[in-house]
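So the sequence shown is numbered by my numbering: it starts at 39 and just counts up by one.
We put the beta carbon where it would ideally sit given N, CA and C, even for glycine.
All values reported here derive from a predicted model rather than from experimental measurement.
These notes concern the structure reproduced below.
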Amino acid sequence: MKPHVEPLESRDLATVYVDLNGLGLWQWREAAGWRQLAQEDPKEIDTDGQGNVFASFASGLWRWHDDDGWQHLTRLVPEQFVPFSIGDVVADFGGAGLWAWRDTAGWSQLSSLDAGQLAAGGSTSTIYADFPGFGLWRWRQGTWSQLSPWNPEEIVAEVDAVFADFGVSGLWRWAVSTGWAMLAAQDPEGLSGRGGAVYGDFGDLGLWRWFDGEWRQLAATNPASLEAAGSHSAYAVFSSGLWRWQAETGWRHLSASIPSSLSTGTFGLFADFGTLGLWRWQAETGWRHLTALDPEQVTTF
Ligand SMILES: [Ca+2]
Ligand SMILES: [Ca+2]
Ligand SMILES: [Ca+2]
Ligand SMILES: [Ca+2]
39 MKPHVEPLES
49 RDLATVYVDL
59 NGLGLWQWRE
69 AAGWRQLAQE
79 DPKEIDTDGQ
89 GNVFASFASG
99 LWRWHDDDGW
109 QHLTRLVPEQ
119 FVPFSIGDVV
129 ADFGGAGLWA
139 WRDTAGWSQL
149 SSLDAGQLAA
159 GGSTSTIYAD
169 FPGFGLWRWR
179 QGTWSQLSPW
189 NPEEIVAEVD
199 AVFADFGVSG
209 LWRWAVSTGW
219 AMLAAQDPEG
229 LSGRGGAVYG
239 DFGDLGLWRW
249 FDGEWRQLAA
259 TNPASLEAAG
269 SHSAYAVFSS
279 GLWRWQAETG
289 WRHLSASIPS
299 SLSTGTFGLF
309 ADFGTLGLWR
319 WQAETGWRHL
329 TALDPEQVTT
339 F
């Protein structure tokens, strides 16, 4: 009897996708290192965390999978897109409307309107879209429902809930079970959510977390940017550099350098330090330099 060797699942390995502009789209993996996926300069990249990466180029919208390689979804170049459910993508084609591409069914038009904000509720077939002049809507299983006639400045989506920054009208949360509730009267400068929590940059009022119905002030200073890692963990950039917050242990200073962007997920933090290149940070091992090149965008899961 031969031993059966289980293939390593690509999603079990740390993976990051990197837009290096003129050098194209690259994948870095824990076990395999760097690999160029495309020579063309990506406009936008995103992944569903299940081995699929979507990328828009001047040549249109494409999907990459480690097993299947590239699939050309359309020659049209979307204004924006977001993966929703495994292998599927919803794309905003401006005046040509909002369309979904599904692995099983191909393209279908969800709306003839030009979407503004666009977000997917986790890995399920739920989409939140804001249509300027027509308010905020939720799409689920083929049906639209209007959540608000107002247009938010920013949304953070969950499966059955959405946080919406309505500017001077404050921060609100809509949930299937409870409808709308105002969480704060203040206008957030920035939001990031994960695991049911939302982290809010409230300017001079500092950094706050809303979770399970309660606010907690995490810092009294104004963050430059923030990135949720989970309901009990987040990264934030202040003038003093990059910090990590954890509910149990509080703040930890990770770097005095200011990253230009952060991407986080299952495999720790990927930080773009501009001319200092791309770095990975993990609680166990600290910093690791992945490339000296300056990425335009980075996405992990
Ligand atoms: Ca680019
Ligand atoms: Ca649009
Ligand atoms: Ca705002
Ligand atoms: Ca701020």
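Practice task
Answer yes or no: do residue 333 and residue 56 have a C-beta to C-beta separation smaller than 8 Å?
Solution key: In the sequence shown, the residue the question calls residue 333 occupies position 295. In the sequence shown, the residue the question calls residue 56 occupies position 18. Their beta carbons are under 8 Å apart, which means residue 333 touches residue 56 by this criterion.
Handout entry: beta strand (DSSP E) runs wholly inside the segment 186-253, at least 3 long, in chain order
Key = 192-195, 199-203, 209-213, 217-222, 228-232, 235-239 and 245-249
Exercise for the section: Check each candidate in 256, 317, 315 and 300 and name the one with the smallest Cα separation from residue 288. Expected result: Here the question's residue 288 lines up with position 250 in the sequence shown. Nearest C-alpha to residue 288: 256.
Exercise for the section: Quick one: grab the DSSP three-state call for residue 20. Expected result: Beyond the ends of the chain as shown, which are 39 and 339, falls residue 20; an answer cannot be given.
Practice task
Tell me whether residue 205 counts as near ligand 3, meaning its Cβ is closer than 7 Å to at least one heavy atom of that ligand.
Solution key: As a first step, residue 205 is located in the sequence shown; it is residue number 167 there, counting from the start. It does: the Cβ of residue 205 is within 7 Å (strictly closer) of some heavy atom of ligand 3.
Exercise for the section: Would you mind sorting residue 206 into buried or exposed? The rule is 16 or more other CB atoms within 10 Å of its CB. Expected result: Within the sequence shown, numbered from 1, the residue matching residue 206 stands at position 168. Under this definition residue 206 is an exposed residue.
Practice task
Just jot down, in chain order, the residues whose CB lies closer than 7 Å to any heavy atom of ligand 2.
Solution key: The chain-ordered list of residues whose CB is nearer than 7 Å to some heavy atom of ligand 2 reads 117, 118, 130, 132, 152, 153 and 154.
Handout entry: Neighbourhood of residue 166 by C-beta, 6 Å cutoff - its chain only, sequence neighbours within 5 removed
Key = Taking the first residue of the sequence shown as position 1, residue 166 is located at position 128. For residue 166, where only same-chain residues beyond five positions count, the Cβ hits under 6 Å are 157, 176, 193, 195 and 200.
Problem - Contact set for residue 132: own chain, Cβ-Cβ below 7 Å, skip 5 residues either direction - result: Against the sequence shown, residue 132 aligns to sequence position 94. Cβ within range, chain order: 117 and 152.
Problem - Supposed contact pair residue 215 and residue 162 - C-beta distance, whole angstroms, cut 8 Å - result: What you label residue 162 is simply residue 124 of the sequence shown in a count that begins at 1. What you label residue 215 is simply residue 177 of the sequence shown in a count that begins at 1. Contact flag wrong, Cβ pair sits at about 16 Å.
Exercise for the section: Verify the contact flag: residue 242, CB atom, against every heavy atom of ligand 3, threshold strictly below 7 Å. Expected result: By 1-based counting over the sequence shown, the position of residue 242 is 204. Not so, every heavy atom of ligand 3 lies at least 7 Å from the Cβ.
Handout entry: By C-beta, the residues closer than 7 Å to any heavy atom of ligand 1, given in chain order
Key = 57, 59, 79, 80, 81, 334 and 335
Exercise for the section: Pick out whichever of 208, 218 and 234 has its Cα sitting closest to the Cα of residue 227. Expected result: As a first step, residue 227 must be located in the sequence shown, where it is residue number 189. Residue 208 is the option with its Cα nearest to residue 227.
Exercise for the section: Ignore the nearest five residues each way along the sequence and tell me which others in residue 145's own chain have a CB closer than 6 Å to its CB. Expected result: To locate residue 145, count along the sequence shown from 1; it is residue 107. Counting only Cβ-Cβ distances below 6 Å, and skipping sequence neighbours, we find 137 and 139.
Problem - Cβ pair count under 8 Å reaching 3, the segment 229-240 against the segment 263-276 - result: Short answer: they touch.
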